[in-house]
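S.K.:
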Amino acid sequence: MRKILAFYEKIKPYFNKYVIVLILFGVLIVFIDEHNLIRRMRYDSKIRSLRKEIRRYERERDRALEQLEDLRTGSEELEKIARERYLMKKDDEEIFLLE
């Protein structure tokens, strides 16, 4: 108890009305307000993750567009996809599937 009283006596000169108002304002900004600092940090984190997801989908879309352009222009690419995905073959060929 004496330590608490000694600590209180040391900090007593610093507790005027301006310091108390500043502390209350800080608590309001960090914890209580509707747009508080903690909620804002969560929103910023969510925005960063959504931007990463947008970039990932844009890269995926670009790859799909490139593949579509290859399919439209080149018959070799079309034949490759037909053989690999749909197991198509020419009349004089045989296909062996290895698993």
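Position one of the sequence shown corresponds to residue 38 (the numbering used here), numbered consecutively onward. Just so you know, even glycine gets a beta-carbon here, dropped at the ideal spot from N, CA and C.
Between the alpha carbons of I192 and R93, how many angstroms are there, rounded?
M.R.: Given a span of 38 to 136 for the chain in the structure shown, any question on residue 192 remains unanswerable.
S.K.: If contacts are defined as beta-carbon pairs under 8 Å, then L115 and L108 qualify, I think. What distance do you get, rounded to the angstrom?
M.R.: The Cβ separation is near 5 Å, so the contact holds.
S.K.: Grab me the residues of K126's own chain with a C-beta within less than 8 Å of its C-beta, minus the 5 sequence neighbours each way, in chain order.
M.R.: R120 and I132
S.K.: Starting from E90, trace the alpha helix (DSSP H) in both directions and tell me its first and last residue.
M.R.: L74 to T110
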